[in-house]
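Here you go:
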């Protein structure tokens with residue numbers, strides 16, 4: 001088989017990231033028909049479909065493997081051109097999957113110096129820490145922050161630290177639902193707030209400390225880390241909040257730790273491609289260094 005054409009690989013990356021042949025063409029400064037032709041030629045050369053056209057654009061199982069390779073080629077080519085003096089890294093995109101709490105609590109402060117030094121473009125995929133590795137598996141990102149300590153094939157895994165969560169409510173909410181203190185009976189009546197339907201943090205907490213099951217208590221769903229804390233602060237629910245956010249917002253919202261000494265910790269790991277990339281090495285070093293200060 002002939003070597004894969006880099007123009008075809010970059011077309012695949014652009015189509016997947018832009019979710020549009022038209023936008024991919026604008027990004028690569030070619031016609032839309034040229035993008036379509038490059039994808040078609042790549043699929044014909046490999047003998048299998050890489051994309052399922054539609055909204056959203058779905059990458060096939062084979063396409064995920066090719067996409068991962070294509071993004072690695074794009075990254076390494078950008079670094080090589082910069083070293084040779086033919087290009088700048090300012091057009092380099094770093095695609096990272098991250099859990100919402102890390103994004104809200106510490107990630108932006110950690111990565112800001114690297115973005116400014118290298119003029120990077122950042123694309124974040126946000127999901128639960130138990131699901132972010134799926135983006136790495138699919139080839140959509142070069143790295144992810146995950147609660148899994150199992151390194152995928154072709155990837156490195158580094159321990160970052162533990163994110164500690166406190167059981168938090170506003171003073172008004174606490175007085176209404178827990179006048180006699182926290183108990184299993186009280187939690188059955190007090191509404192909790194989950195980040196999403198896949199968020200099992202609150203249910204695991206109640207199972208560990210109060211032997212309650214997921215459907216034993218009422219639940220709200222607020223898919224925003226900032227609004228999640230605000231929702232609790234408004235006295236509408238209790239929830240598990242990262243200790244860093246609790247310290248930041250406790251005075252603004254009159255929050256309190258309603259079950260002192262009974263926290264829950266989630267270990268976080270940084271997974272990234274195992275390729276000889278100076279940028280990935282810098283990113284990994286940056287995240288690990290900052291996490292050692294921010295996490296437990």
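Numbering (the UniProt record's numbering), first residue to last: 1 to 296.
Just so it is clear, CB atoms sit at the ideal spot from N, CA and C, and this is done for glycine as well.
With contacts defined by Cβ atoms closer than 7 Å, residue 193 and residue 231 form a contacting pair. Judged by DSSP secondary structure, residue 244 falls within the alpha helix (DSSP H) whose first and last residues are 243-253. In the DSSP annotation of this structure, the continuous segment of the alpha helix (DSSP H) that includes residue 228 starts and ends at 225-233.
Residue 247 and residue 4 have their C-alpha atoms some 52 Å from each other. Taking a cut-off of 8 Å for Cβ pairs, the region 215-226 and the region 261-278 do not touch, as fewer than three such pairs fall below it.
Boundaries for residue 124: no alpha helix (DSSP H) harbours it, while the beta strand (DSSP E) harbouring it runs 121-126, taken from the DSSP string. Between the beta-carbon of residue 111 and that of residue 286 there is about 6 Å, and that keeps the pair under the 8 Å contact cut.
Taking C-beta separations shorter than 7 Å and ignoring five residues to either side along the sequence, the partners of residue 171 in its chain run 254 and 256, following chain order. Within the DSSP bridge table, the entry for residue 217 names no partner. A straight-line Cα-Cα distance of about 36 Å links residue 59 and residue 264.
The way I'd put it, the region 7-15 does touch the region 35-49; three or more beta-carbon pairs between them come closer than 8 Å.
Considered as a whole, the UniProt domain "HTH lysR-type" (4-60) harbours no complete run of any beta strand (DSSP E) with no fewer than 3 residues. For the pair residue 138 and residue 69, the Cα-to-Cα distance works out to about 11 Å. Contact between residue 95 and residue 22 is ruled out by a C-beta separation of about 21 Å, above the 8 Å threshold.
Pairing residue 235 with residue 124, the inter-Cα distance amounts to about 31 Å. Here residue 169 is actually not in contact with residue 212; their C-beta atoms are around 16 Å apart, not less than 8 Å.
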